[in-house]
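Residue numbers (my numbering), protein chains in the order written: chain A, 1 to 405; chain B, 406 to 828.
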């Protein structure tokens, strides 16, 4: 069984739709702007990557809007777009052959804050009936399976930012177990007062107020990251199933994957991202020389950047592989971040062009990585490695490979 | 894939009625219940004011002051269970091959208690929507993301292999163990610390279930409030707790002479794609999950000796799964004992699936089927053998345990003693 990706749906700060997102990424148009979803003027972080063009009232069936959080609203649209892109009509696929597995991170944060606020300001009887189905981490998976009549296995992996890769790996397992079409990926939205406040507690957010300089992964003045929202959905499909319905050439194959976990702080043991990369390459049956580009986790925090740069240069050699970090344009999107990187990696494979950071991006002299800067780099790309890490020690690596010759 | 088999070699339980496997099993076989009036918060004014609470003192269970401060109650449960499961399996964290050891922890609602308690402070009692971030505790983000529960578990056992937090609502505790077993089957790990935890007895969770009338309003007689399959049931009783297992590849477990409770022989999930909270009475998708799990395990209906039911004590659930057992097992459904331990320990959302696995493997080990407490007057539409009131001694070689949850998720798992094929 070969797992291929046949459809993409994007709702991201860089655009709604694949081509909108891709052209913003290639142009280097940043979506980092002052937060507009609420009055953030009293908070020490006021910048984020918001999906500004998204209006749930226009994009989500009206019955479902009040039942679900902003996170799921974007989840509905990404799933719908990905199915359309794959030219799959769920009504024509046997119900148990269709599965859903998404990544989740903070759940229905804004919806949840609203209801807890009602509870504590007006009393328990004012909590609405939809809180029970909108807030919990499985809301998007459940709603998507119901909306499209998908009765196969369902799953939710909540590994913070790493979860998007873990979910796609789980989609591949579901195909190995007999499913034919899996809706995977994820979205996230935690830009409400409580969501932002919770993120502040990690000390990992950048407090720089200059949108052009606040999120500087791999630079000497890296000072933290900025939050983003949105994400993407991917249709992960059994290659034979895709071929039998005449789906055309898929975007790529899910060729390899591995996950590791870092030892606790202070243990003296080394971080494990390198092991995840090596195991993912082994799973794909390839060597480092086969990898054409790496999409970095690019956290923008000095220690995390160093760990990642060291892992990449240890596996691929100093400046041994082009490294892309398009998340500087969107901020860190948690459950939606890695799925969006998968989309960008697949478009890189499709078009043979690696997105670049600005020309003047100063890379830390201690990091021996070939961070693509200046103009997007035109080159044939057959194999891409996507990296993601989740808060607390999660590492995941996913290998994507071009289909056909 | 079939050559790698997965067995359970250690178990840790924190459940209402007592901490540890011994207290848990004594409660289940006594037919007594651990449901009571809510003491964890002032439930005055709530529709449902009963719950199955754990008498849990984290310091007495060995957690350090910093662990207690940092961890939400759900994380505390999971870490205590993890340490107990390792000890029970005869392993220390130094015995585990770090890079071949993973974690798969389930939770439906994550660190809800911590999130809500901190919200009350940050919003100054619900006064301010623009919460005051200067009052945020350093581990607040750890409460917002449920992944923290898997992180704490990984730290407790020293895992450096694949770690995951599985959050499929009320099937989380079966799905997490199924996920862990699959990672061993496919060769991604040799040992998985797998289980689930939830500590949802808080105002916001109670208010959620009040709003949809899912929990029982039978507040005057808490000990008898959880009544699965009984005509007079009025909804489920919220619970809390955790169970964590050491899953090992069979060859490894045998090589070290480990005590083996049971093998995870079958697992499957399906979704009803019908409604986020509603169930169709025909139980069709749960029946399909059971059929697929049996097929993968190469187990026939007549091999099943006991069904550990979801048995939440809502009318729609009890009828839904009764229909599912009949549809998937045929006449065997009428012969095999079925019971719901939720009658005794309540419904701890994502945790209960793992707690029910613990009950299932103890049933295999001890040859005793736990009863369904409070089953005084069976619902005429629930006409199977639900083992009312009293535990039953009988040989148990294979157990079917099922879960059903919000989102429409249906999960079936089969657990078998290693001698089932020889018998």
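Beta carbons: idealized from backbone N, C-alpha and C, even for Gly.
Same chain, Cβ closer than 7 Å to residue i, neighbours up to 5 away in sequence not counted
i, result
"residue 344 of chain A", "25, 295, 326, 355"
"residue 801 of chain B", "710, 711, 768, 769, 772, 774"
"residue 433 of chain B", "746, 749, 764, 775"
"residue 540 of chain B", "526, 527"
"residue 504 of chain B", "565, 566"
"residue 133 of chain A", "67, 139"
"residue 568 of chain B", "507, 508, 555, 559"
"residue 5 of chain A", "234, 235, 236, 250, 251, 252, 254, 346"
Beta-bridge pairing of residue i - partner residues as DSSP gives them
i, result
"residue 752 of chain B", "B/643"
"residue 154 of chain A", "A/100"
"residue 33 of chain A", "A/48"
"residue 227 of chain A", "A/332"
Chain-order list of residues whose beta-carbon lies under 6 Å from that of residue i (same chain, five-residue window excluded)
i, result
"residue 275 of chain A", "260"
"residue 150 of chain A", "98, 100"
"residue 687 of chain B", "728"
"residue 172 of chain A", "3, 254"
"residue 778 of chain B", "436, 438, 748, 749"
"residue 817 of chain B", "673, 694, 695, 698, 807"
"residue 148 of chain A", "90"
Three-state secondary structure (DSSP) of residue i
i, result
"residue 144 of chain A", "helix"
"residue 549 of chain B", "helix"
"residue 655 of chain B", "helix"
"residue 180 of chain A", "coil"
"residue 793 of chain B", "strand"
"residue 54 of chain A", "coil"
"residue 429 of chain B", "helix"
"residue 63 of chain A", "coil"
"residue 257 of chain A", "strand"
"residue 610 of chain B", "helix"
"residue 174 of chain A", "helix"
"residue 828 of chain B", "With a pLDDT of 42 at residue 828 of chain B, under the threshold of 50, the predicted position of this residue should be treated as unreliable, though the coordinate-derived value follows. Coil, per DSSP."
"residue 691 of chain B", "helix"
"residue 298 of chain A", "coil"
"residue 650 of chain B", "strand"
Under 7 Å between C-beta atoms of residue i and residue j
i, j, result
"residue 139 of chain A", "residue 617 of chain B", "no"
"residue 417 of chain B", "residue 513 of chain B", "no"
"residue 517 of chain B", "residue 607 of chain B", "yes"
"residue 69 of chain A", "residue 111 of chain A", "yes"
"residue 658 of chain B", "residue 665 of chain B", "yes"
"residue 390 of chain A", "residue 162 of chain A", "yes"
"residue 566 of chain B", "residue 506 of chain B", "yes"
"residue 413 of chain B", "residue 487 of chain B", "no"
"residue 646 of chain B", "residue 419 of chain B", "yes"
"residue 718 of chain B", "residue 641 of chain B", "yes"
"residue 399 of chain A", "residue 284 of chain A", "yes"
"residue 792 of chain B", "residue 733 of chain B", "no"
Beta carbon proximity, residue i to chain A, threshold 7 Å
i, result
"residue 565 of chain B", "yes"
"residue 586 of chain B", "no"
"residue 828 of chain B", "Caution applies to residue 828 of chain B, whose pLDDT of 42 falls short of 50 and renders its modelled position unreliable; the model cannot decide the point."
"residue 705 of chain B", "no"
"residue 751 of chain B", "no"
"residue 408 of chain B", "no"
"residue 559 of chain B", "yes"
"residue 473 of chain B", "no"
"residue 814 of chain B", "yes"
"residue 612 of chain B", "yes"
"residue 674 of chain B", "yes"
"residue 450 of chain B", "yes"
"residue 678 of chain B", "yes"
Any chain B beta carbon closer than 7 Å to residue i
i, result
"residue 257 of chain A", "no"
"residue 131 of chain A", "yes"
"residue 395 of chain A", "no"
"residue 151 of chain A", "yes"
"residue 282 of chain A", "no"
"residue 187 of chain A", "no"
"residue 119 of chain A", "yes"
"residue 156 of chain A", "yes"
Nonlocal neighbours in the same chain, by C-beta distance under 8 Å from residue i, ignoring five residues either side
i, result
"residue 60 of chain A", "68, 73, 76, 77"
Any non-hydrogen atom of the ligand MN within 6 Å of residue i CB
i, result
"residue 819 of chain B", "As presented, the structure is devoid of all ligands, the ligand MN included, so that no description of it is given."
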